[in-house]
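K.L.:
Protein chains: 2
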Amino acid sequence: MHKMNGTTKKRLYVIGTGPGKTSGMTGEALSALEESDVIAGYPVYLELLPEKLKEKDKIATGMTQELERCRLALEAADSGKTVSMVCSGDAGVYGMAGPVLSLAEQYPEVEVDVLPGVTAATAGAAVLGAPLMHDFAVISMSDRLTPMEQIERRLRLAAEGDFVIVIYNPESRGRAGYLRKACDILLEVLPEDRPAGYVRQIGREGESVWLGSLKELREQTVDMFTTVYIGNSTTGIRDGKMITERGYLKKPSSTPEAK
Amino acid sequence: MHKMNGTTKKRLYVIGTGPGKTSGMTGEALSALEESDVIAGYPVYLELLPEKLKEKDKIATGMTQELERCRLALEAADSGKTVSMVCSGDAGVYGMAGPVLSLAEQYPEVEVDVLPGVTAATAGAAVLGAPLMHDFAVISMSDRLTPMEQIERRLRLAAEGDFVIVIYNPESRGRAGYLRKACDILLEVLPEDRPAGYVRQIGREGESVWLGSLKELREQTVDMFTTVYIGNSTTGIRDGKMITERGYLKKPSSTPEAK
Numbered sequence: 001m002h003k004m005n006g007t008t009k010k011r012l013y014v015i016g017t018g019p020g021k022t023s024g025m026t027g028e029a030l031s032a033l034e035e036s037d038v039i040a041g042y043p044v045y046l047e048l049l050p051e052k053l054k055e056k057d058k059i060a061t062g063m064t065q066e067l068e069r070c071r072l073a074l075e076a077a078d079s080g081k082t083v084s085m086v087c088s089g090d091a092g093v094y095g096m097a098g099p100v101l102s103l104a105e106q107y108p109e110v111e112v113d114v115l116p117g118v119t120a121a122t123a124g125a126a127v128l129g130a131p132l133m134h135d136f137a138v139i140s141m142s143d144r145l146t147p148m149e150q151i152e153r154r155l156r157l158a159a160e161g162d163f164v165i166v167i168y169n170p171e172s173r174g175r176a177g178y179l180r181k182a183c184d185i186l187l188e189v190l191p192e193d194r195p196a197g198y199v200r201q202i203g204r205e206g207e208s209v210w211l212g213s214l215k216e217l218r219e220q221t222v223d224m225f226t227t228v229y230i231g232n233s234t235t236g237i238r239d240g241k242m243i244t245e246r247g248y249l250k251k252p253s254s255t256p257e258a259k
Numbered sequence: 001m002h003k004m005n006g007t008t009k010k011r012l013y014v015i016g017t018g019p020g021k022t023s024g025m026t027g028e029a030l031s032a033l034e035e036s037d038v039i040a041g042y043p044v045y046l047e048l049l050p051e052k053l054k055e056k057d058k059i060a061t062g063m064t065q066e067l068e069r070c071r072l073a074l075e076a077a078d079s080g081k082t083v084s085m086v087c088s089g090d091a092g093v094y095g096m097a098g099p100v101l102s103l104a105e106q107y108p109e110v111e112v113d114v115l116p117g118v119t120a121a122t123a124g125a126a127v128l129g130a131p132l133m134h135d136f137a138v139i140s141m142s143d144r145l146t147p148m149e150q151i152e153r154r155l156r157l158a159a160e161g162d163f164v165i166v167i168y169n170p171e172s173r174g175r176a177g178y179l180r181k182a183c184d185i186l187l188e189v190l191p192e193d194r195p196a197g198y199v200r201q202i203g204r205e206g207e208s209v210w211l212g213s214l215k216e217l218r219e220q221t222v223d224m225f226t227t228v229y230i231g232n233s234t235t236g237i238r239d240g241k242m243i244t245e246r247g248y249l250k251k252p253s254s255t256p257e258a259k
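These protein sequence lines map, in sequence, to chains A and B.
Sequential numbering of the first sequence, starting at 1, is according to the working numbering.
Sequential numbering of the second sequence, starting at 1, is according to the working numbering.
See below:
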């Protein structure tokens, strides 16, 4: 429990642990984890936590049992323990912040504190160079909770708006070929030579990078640990870096396309 | 200088320092700053740095001299000093990562290392609740480098795509009334009661929060230290928190509108 102004609050932290390595975590996230009695999370992410947190009690449930994990974490907090629920990246981006806050209405004594982390969009961007210098759209290809028509519509509108596009969860074993599907939609609007790139396992062992054109991206096979970037009309690849210009008034000389 | 594999590299870190407070910075960002001989940045942000960094040499140039700041930082790195260029939030989101990497081509001995930070979109989301549980678009209202028609077009397309919308730099002294302009465009597509919110001075002293409807947002006056959120069709405000549902297949009972 957390003492504040003399009163004892029951507390559940929902924590984004950043891209992977411990040094990518914020100071406040690390402090909250150290202060916690119990840490809840997806088993793979619990194993990535720093050594000194290994002794903490754990609530680990698999990928399809997220609501159950939220409930167990809230119950542990309600019983008086300080609990942290961890997510990779930022817990507020397709993460557990929403489900926890929704369920928390049933546990009025528990105060939920969402601590942001570095989300994959910006962590991967830093690896690729500077693709997010201008307006961007973040789209998940997961159709577990979203109809595919809605995803396709968003891809099309983002391309029409000349947004830089970041794709989360581009494909998985159960969703093979989804990246190709996304590229086919984008290619209805964007030129084949539009710069694209992806980063796999951002900030983790085995991190890998790919840069190329949208047409080439269509032929790639990726997985759910990959974050994909498609540039806007001012994005170029120079010296192995993907860079989007900050504005349209000064067009770079090396802009790869006229569109 | 930074020693690596026996060779000495000239190094410039481009660092996102997160939303404001030191505890919102990542471990690797803090380590890089401690290791640096020189810290470059916008004067206001340099003053927000932790006490122990106050003794470092500084390169401080004002808001319209960003390219000059990049050049001075690259020159300092090229002269053998380890240099950090700091930005609030994430240096890769409308930040200095792009200009530094572009200019760095003229300093081939300097290795530029972009270290990501928590960007305002997710830092503010954590304060409001969980608005970014689904696909979102990030749009800057600054027309310093982008024609207003392009900004308006993106707002319209993001609304049509049912994206959660995050607005950076909604207005400033020189751009009064821009938030109202943005709301007027969004109201052509979205219902008046669409949940909206903003956070001012995220993670800093004087942080403040506002929640309401898109129609009410139109009447607000904000500044460049404010990040604005407009929900998608499944976003609700419950118990003082702005929460977007993670998918469309399970619609929440308290969805505030039918659209």
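All C-beta atoms in this analysis are idealised placements derived from N, C-alpha and C, irrespective of residue type, glycine included.
Can you tell me which of A:Arg204, A:Val209, A:Gly197 puts its alpha carbon nearest to the alpha carbon of Glu216 (chain A)?
P.N.:
For Glu216 (chain A), the nearest C-alpha among the options comes from A:Gly197.
K.L.:
With a threshold of 6 Å on Cβ separation, who are the neighbours of Val228 (chain B) within its own chain once the five nearest residues in sequence on each side are excluded?
P.N.:
Excluding positions up to five away in sequence, the list reads Ile167, Pro170, Tyr198.
K.L.:
Please report the distance separating the alpha-carbon of Thr221 (chain B) from that of Gly212 (chain A).
P.N.:
In a straight line, the C-alpha of Thr221 (chain B) is about 43 Å away from that of Gly212 (chain A).
K.L.:
Which whole runs of the beta strand (DSSP E) in the stretch 156 to 240 of chain A are 3 residues long or more, in chain order?
P.N.:
Within the stretch 156 to 240 of chain A, the complete beta strand (DSSP E) runs of at least 3 residues are 164 to 168, 195 to 200, 208 to 213, 226 to 230, 235 to 238.
K.L.:
Who are the Cβ neighbours of Ser172 (chain B) in its own chain at under 7 Å, not counting the five residues just before and after it?
P.N.:
Once the five neighbours on either side are set aside, the close Cβ partners of Ser172 (chain B) are Asp223, Met224.
K.L.:
Does Ile237 (chain A) come within less than 9 Å of chain B when only Cβ atoms are used?
P.N.:
It does not: the Cβ of Ile237 (chain A) has no partner Cβ on chain B nearer than 9 Å.
K.L.:
Taking 8 Å as the cut-off, does the stretch 117 to 126 of chain A touch the stretch 74 to 94 of chain A (at least 3 CB pairs, one atom from each stretch)?
P.N.:
Because the criterion of three Cβ pairs below 8 Å is met, the stretch 74 to 94 of chain A and the stretch 117 to 126 of chain A touch.
K.L.:
Counting only the same chain and skipping the five closest in sequence on each side, list residues whose C-beta sits under 8 Å from that of Lys241 (chain A).
P.N.:
Excluding positions up to five away in sequence, the list reads Leu128, Gly129, Ala130.
K.L.:
If you follow the beta strand (DSSP E) that Gly41 (chain A) is in, where does it begin and where does it stop?
P.N.:
Unbroken beta strand (DSSP E) run through Gly41 (chain A): 38 to 41.
K.L.:
Where does Ser102 (chain B) sit, in a helix, a strand or coil, going by DSSP?
P.N.:
Residue state, collapsed to three classes: helix.
K.L.:
Could you tell me how far apart the beta carbons of Arg180 (chain B) and Arg218 (chain B) are, in whole angstroms, since I believe they sit closer than 8 Å?
P.N.:
That pair is a contact at about 5 Å.
K.L.:
Can you tell me the Cβ-Cβ gap for Val14 (chain B) and Met96 (chain B), rounded? I've got them flagged as a contact below 8 Å.
P.N.:
Going by Cβ atoms, the distance from Val14 (chain B) to Met96 (chain B) rounds to 6 Å, so yes, they are a contact pair.
K.L.:
Over what stretch of residues does the alpha helix (DSSP H) that includes Glu68 (chain A) continue unbroken?
P.N.:
From DSSP, the alpha helix (DSSP H) with Glu68 (chain A) extends over 66 to 78.
K.L.:
Counting only Cβ-Cβ distances shorter than 7 Å, please list the residues of the stretch 106 to 133 of chain B near chain A, keeping chain order.
P.N.:
Hits within the stretch, in order: Val114, Leu115, Pro116, Gly117, Val118, Thr119, Thr122, Ala123, Ala125, Ala126, Gly129, Ala130, Leu132, Met133.
K.L.:
Is Val228 (chain A) close to chain B? Criterion is C-beta to C-beta, closer than 9 Å.
P.N.:
Closer than 9 Å: no.
K.L.:
Let me know the secondary structure DSSP gives Glu109 (chain A) once reduced to three states.
P.N.:
It is coil, neither helix nor strand.
K.L.:
Would you list the residues sitting across from Tyr13 (chain B) in a DSSP beta bridge?
P.N.:
Note: Tyr13 (chain B) sits in a beta bridge opposite B:Ser84, B:Asp113.
K.L.:
Tell me which residue opens and which closes the beta strand (DSSP E) that Ala137 (chain B) is part of.
P.N.:
Per DSSP, Ala137 (chain B) belongs to the beta strand (DSSP E) from 136 to 140.
K.L.:
If I'm right that Ser79 (chain B) touches Ser36 (chain B) with Cβ under 8 Å, what's the distance once you round it to whole angstroms?
P.N.:
Actually they do not touch by this definition, with Cβ atoms about 14 Å apart.
K.L.:
Any idea if Lys54 (chain B) is buried or exposed, counting beta-carbon neighbours within 10 angstroms, 16 or more meaning buried?
P.N.:
Answer is exposed; the Cβ neighbour count stays below 16.
K.L.:
With a cut-off of 8 Å on the beta carbons, I'd call Phe136 (chain B) and Val138 (chain A) a contact; round off their distance for me.
P.N.:
Between Val138 (chain A) and Phe136 (chain B) the Cβ distance is about 5 Å, and since that is below 8 Å, they are a contact.
K.L.:
Please compile the residues from chain A whose C-beta is within a distance smaller than 8 Å of the C-beta of Gly206 (chain B).
P.N.:
Per Cβ cutoff of 8 Å: no residues; Gly206 (chain B) is ~18 Å from chain A at best.
K.L.:
Are any of the Cβ atoms in chain A nearer than 9 Å to that of Asp162 (chain B)?
P.N.:
So, interface residue.
K.L.:
Taking the alpha-carbon of Glu28 (chain A) as reference, which of B:Glu34, B:Asp57, B:Val164, B:Pro19 has the nearest alpha-carbon?
P.N.:
Checked all of B:Glu34, B:Asp57, B:Val164, B:Pro19; the closest Cα to Glu28 (chain A) is B:Pro19.
K.L.:
Can you pull out the residues from the stretch 28 to 43 of chain A whose beta carbon lies closer than 9 Å to at least one beta carbon of chain B?
P.N.:
Per Cβ criterion, the list reads Glu28, Ala29, Leu30, Ser31.
K.L.:
Out of B:Pro43, B:Pro195, B:Lys58, B:Gly247, which has the shortest C-alpha to C-alpha gap to Leu33 (chain B)?
P.N.:
Leu33 (chain B) has its Cα closest to that of B:Lys58, out of B:Pro43, B:Pro195, B:Lys58, B:Gly247.
K.L.:
Tell me the DSSP secondary structure of Lys56 (chain B) in three-state form.
P.N.:
Three-state DSSP puts Lys56 (chain B) in coil, outside helix and strand.
K.L.:
Shorter than 9 Å from the beta carbon of Tyr45 (chain B) to some beta carbon of chain A?
P.N.:
So no, Tyr45 (chain B) is outside the interface.
K.L.:
Alpha carbon to alpha carbon, how far is Glu207 (chain B) from Thr226 (chain B)?
P.N.:
Rounded to the nearest angstrom, the two C-alpha atoms are 10 Å apart.
K.L.:
Compare the C-beta of Lys21 (chain B) against all C-beta atoms of chain A and say whether one is closer than 9 Å.
P.N.:
Closer than 9 Å to some Cβ of chain A, the Cβ of Lys21 (chain B) qualifies, so yes.
K.L.:
Check the Cβ-Cβ distances between Pro195 (chain B) and every residue of chain A, and say whether any is below 9 Å.
P.N.:
Not an interface residue.
K.L.:
Using the Cα positions of Gly62 (chain B) and Leu101 (chain B), report the straight-line distance between them to the nearest angstrom.
P.N.:
Approximately 20 Å between the Cα atoms of the pair.
K.L.:
If you measure between the beta carbons of Val86 (chain A) and Thr17 (chain A), is that distance less than 9 Å?
P.N.:
For Val86 (chain A) and Thr17 (chain A), yes; Cβs fall inside 9 Å.
K.L.:
By the three-class DSSP mapping on this structure, what secondary structure does Met133 (chain A) have?
P.N.:
Met133 (chain A): coil per DSSP, three-state reduction.
K.L.:
For Ile243 (chain A), list the residues DSSP reports as bridge partners.
P.N.:
The partner list for Ile243 (chain A) (beta bridge, DSSP) reads A:Ala130, A:Gly236.
K.L.:
Provide the residue(s) that pair with Thr26 (chain B) in DSSP beta bridges, ordered along the chain.
P.N.:
Looking at the DSSP assignment, Thr26 (chain B) forms a beta bridge with A:Thr26.
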